[in-house]
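Structure first, then comments.
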Amino acid sequence: MFVPQGDDLKVFEAIGHLLAVDPTLSILISLYSLKWGLTASYINYMGNKLSNLRAYISHTESKLIP
């Protein structure tokens, strides 16, 4: 898990100031984070599916070739 330290904390301070000025930004930031989280999960899911398919094809080919 990523734990922000040093200069990374400055980024979170800036986000905190923005949220204090405009509360609707919190909704937008949450939706944006959700979008990227779902995108990353989908990419990971598809990567696993492709890996499984490659393994299956490789296993099947090894049985066909004597």
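Going left to right, the sequence shown walks through residues 275 to 340 as the working numbering numbers them. We put the beta carbon where it would ideally sit given N, CA and C, even for glycine.
- Spatial neighbours of residue 332 in its own chain (CB-CB distance under 8 Å, excluding positions within 5 residues in sequence) are not present.
- In this structure, the alpha-carbon of residue 328 lies about 39 Å from that of residue 302.
- Taken atom to atom, the span from the alpha-carbon of residue 311 to that of residue 317 is near 10 Å.
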